[in-house]
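Novice: Take the sequence shown: its position 190, counting from 1, is numbered 190 in my numbering, and each next residue is one higher.
Beta carbons are placed, not taken as given, at the ideal position from N, Cα and C, and that holds for glycine.
Remember, predicted model here, so these are calculated numbers, not experimental data.
Handing you a structure now.
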Amino acid sequence: MGPSASDIRVLPTQDLAPFLERYRHDTSVPEIMDAGVFIREILDRASEFVPSEAGSVLLDHPFERATDPAETSLYFIAAFGPRAEELLGASIPSTEGIVGHVYRSGSSHLMAEPGNDPFFCPRFDETHDFVTRSVLAVPIRIGTSVCGVLELVNRRDGNPFSRRDLGLLEIFAAYTSVAIQNLLDAKRAGEAAHSDDLTGLANDRHFHRRLAQDLETADAKGGRVALLFLDLDNFKRINDTHGHLAGSQVLKEVGYLMRRLIRLPGVTLARYGGDEFVIILPDHDLPAAVRVANDFAAALRQQVFLRGRFSWAPGPVEFSGPLTCSIGVAVYPDHVPRSGSSDQRRNLLLGAADRAMYAAKAAGKNRVLVASPVQQASL
1 MGPSASDIRV LPTQDLAPFL ERYRHDTSVP EIMDAGVFIR EILDRASEFV
51 PSEAGSVLLD HPFERATDPA ETSLYFIAAF GPRAEELLGA SIPSTEGIVG
101 HVYRSGSSHL MAEPGNDPFF CPRFDETHDF VTRSVLAVPI RIGTSVCGVL
151 ELVNRRDGNP FSRRDLGLLE IFAAYTSVAI QNLLDAKRAG EAAHSDDLTG
201 LANDRHFHRR LAQDLETADA KGGRVALLFL DLDNFKRIND THGHLAGSQV
251 LKEVGYLMRR LIRLPGVTLA RYGGDEFVII LPDHDLPAAV RVANDFAAAL
301 RQQVFLRGRF SWAPGPVEFS GPLTCSIGVA VYPDHVPRSG SSDQRRNLLL
351 GAADRAMYAA KAAGKNRVLV ASPVQQASL
């Protein structure tokens with residue numbers, strides 16, 4: 001009998017989402033399943049196949065995959081057993097322990113005697129008052145690439161895991177890999193109607209619809225809507241130096257960084273076109289909007305891009321950062337009056353933020369500037 005659903009700990013949906021930022025191009029579109037429920041079911045079913053005292057699912061981070069697998073970290077996205085709550089979100093280097101060995105080699109591993117296993121790392125036992133007697137670990141794949149590890153620890157009946165147990169878990173891991181691929185396909189298909197295919201952010205059509213809705217809500221409640229217009233500085237240099245495929249990868253990673261950092265109620269993150277992005281911040285006044293803009297600009301400067309292994313590059317991509325951006329900030333109704341049609345107010349707010357962004361470019365780039373108010377006569 002496996003652990004009950006209440007015993008299995010899974011990262012919250014918002015923290016789990018970044019680990020599913022993996023892109024596939026199959027045409028099958030299965031039914032969409034909640035990611036947290038899905039991951040919980042993986043561990044529950046695995047322990048039904050091979051009853052165990054503890055277990056975990058570890059995944060690499062898709063935008064932290066290093067050129068050398070040994071430099072990659074593996075994150076606990078789900079766990080059950082002693083100290084499961086403490087493990088959630090923690091990471092281990094892929095150079096460490098049985099899990100690291102399975103991730104790097106792509107081969108399953110059975111440990112029946114800790115003292116005789118060259119890959120066993122006793123650190124967890126030493127720091128958590130736990131005794132590991134036996135371990136099963138199998139790779140989880142997306143397509144042909146290993147993206148994580150499914151691990152079970154200590155058979156419930158006290159006996160060591162057997163080769164038969166390993167075979168059962170390998171069968172289950174193969175099912176899990178296919179199920180993860182299907183989950184990703186469903187996630188992508190569900191977002192396709194309103195998202196940008198490259199970055200996963202909202203597309204310009206969805207952005208305009210949301211902006212109109214947010215302005216109407218602000219009018220009804222007497223509230224505010226902030227708009228950030230962002231353009232990457234010297235982006236053409238990336239395309240010219242490393243090629244357009246590298247440029248596309250950078251845009252994808254910028255979109256991921258935006259989703260990871262700007263997680264606010266009602267926010268809309270969109271790719272406007274090319275290397276331009278827009279961010280709608282409902283219920284934000286000017287100081288709050290400028291703070292969001294400055295925080296993102298600072299994070300972008302510190303971000304390391306193009307760290308992964310890419311099929312279009314013969315080796316590591318030597319990208320010399322930092323990557324910077326220019327951001328224009330406009331707030332409704334501070335910069336655009338509450339008058340005129342919905343389309344007029346939307347276009348005037350967008351134009352005000354756009355002009356502030358170009359002013360930031362003209363002032364030397366790598367900065368945030370606030371829009372000038374639009375005069376009533378402009379309407």
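Just reading off the beta strand (DSSP E) that D354 is part of, what are its end residues?
Specialist: Per DSSP, D354 belongs to no beta strand (DSSP E); it is in the alpha helix (DSSP H), S342 to A362.
Novice: Starting from the N-terminal side, write out each stretch of the alpha helix (DSSP H) that is 4 residues or longer and does not extend beyond the segment 203-233.
Specialist: 204-221
Novice: Any idea which residues DSSP pairs H335 with across the strands?
Specialist: Note: H335 sits in no beta bridge, so no partner.
Novice: Who pairs with P282 in a beta bridge, going by DSSP?
Specialist: P282 pairs with V225.
Novice: Do V146 and Y103 have their CB atoms nearer than 9 angstroms?
Specialist: Yes.
Novice: Give every residue of the same chain whose Cβ lies closer than 7 angstroms to the Cβ of Q249, excluding the five residues on either side of it in the sequence, and list them in chain order.
Specialist: Cβ-Cβ distances below 7 angstroms link Q249 to L306 and F310 in the same chain, with the five nearest sequence neighbours on each side left out; the list follows chain order.
Novice: Within 10 Å of its beta-carbon, does H335 have 16 or more other beta-carbons around it, so buried, or fewer, so exposed?
Specialist: The residue is buried, with at least 16 neighbouring Cβ atoms inside 10 Å.
Novice: To the nearest angstrom, how far is it from the Cα of P373 to the Cα of D354?
Specialist: When rounded, the separation of the alpha-carbon atoms in P373 and D354 is 13 angstroms.
Novice: At what residue ranges does the segment 100-130 contain a whole run of the beta strand (DSSP E), taking only runs of 3 or more?
Specialist: 109-111
Novice: Quick one: Cα of G328 to Cα of F120, how far?
Specialist: 53 angstroms
Novice: Figure out for me which residue from R209, D240, G321 and E318 has the closest Cα to the Cα of T268.
Specialist: R209
Novice: Answer with buried or exposed for R346, where buried requires no fewer than 16 other C-beta atoms within 10 angstroms of its C-beta.
Specialist: buried
Novice: Which residues share a DSSP beta bridge with R9?
Specialist: Answer by DSSP bridge pairing, in chain order: A79.
Novice: From G351 to L215, what does the alpha carbon distance come to, in whole angstroms?
Specialist: If you take the alpha carbons of G351 and L215, they lie about 15 angstroms apart.
Novice: For the 8 angstroms Cβ check, are there 3 or more pairs between the segment 269-279 and the segment 225-235?
Specialist: yes
Novice: I'd like to know if the segment 290-307 and the segment 193-209 are in contact, where contact means that at least 3 CB-CB pairs between them fall below 8 angstroms.
Specialist: no
Novice: When DSSP builds the beta bridges, which residues end up paired with V149?
Specialist: L58 and P139
Novice: Using a 10 Å radius around the Cβ and a threshold of 16 neighbouring Cβ atoms, would you call V331 buried or exposed?
Specialist: V331 comes out buried.
Novice: Excluding the five sequence neighbours on either side, which residues of its own chain have a C-beta within less than 8 angstroms of the C-beta of G243, listed in chain order?
Specialist: W312
Novice: Start and end of the beta strand (DSSP E) containing S91?
Specialist: In this chain, the beta strand (DSSP E) harbouring S91 covers S91 to P93.
Novice: Tell me where the beta strand (DSSP E) around V304 begins and ends.
Specialist: If you look at V304, you'll find it isn't in any beta strand (DSSP E); DSSP assigns it neither H nor E.
Novice: Hey, could you find the ends of the beta strand (DSSP E) G247 is sitting in?
Specialist: Careful: G247 lies outside any beta strand (DSSP E), inside the alpha helix (DSSP H) at H244 to L261.
Novice: Would you call S52 buried or exposed, if buried means 16 or more other Cβ atoms sit within 10 Å of its Cβ?
Specialist: Per the 10 Å Cβ criterion, buried.
Novice: What did DSSP end up calling L74 once you bin it into helix, strand or coil?
Specialist: strand
Novice: According to the Cβ coordinates, are S108 and S94 closer than 9 angstroms?
Specialist: For the 9 angstroms CB-CB criterion, S108 and S94 do not form a contact.
Novice: Could you give the first and the last residue of the continuous alpha helix (DSSP H) run that contains L87?
Specialist: A84 to L87
Novice: Tell me the residue span of the beta strand (DSSP E) that contains A270.
Specialist: T268 to G273
Novice: Between I42 and A179, is the Cβ-Cβ spacing less than 9 angstroms?
Specialist: yes
Novice: Run through the DSSP bridge pairs and tell me what F277 is partnered with.
Specialist: Listed as beta-bridge partners of F277 by DSSP are L230 and R271.
Novice: Secondary structure at E53, three-state DSSP: helix, strand or coil?
Specialist: strand
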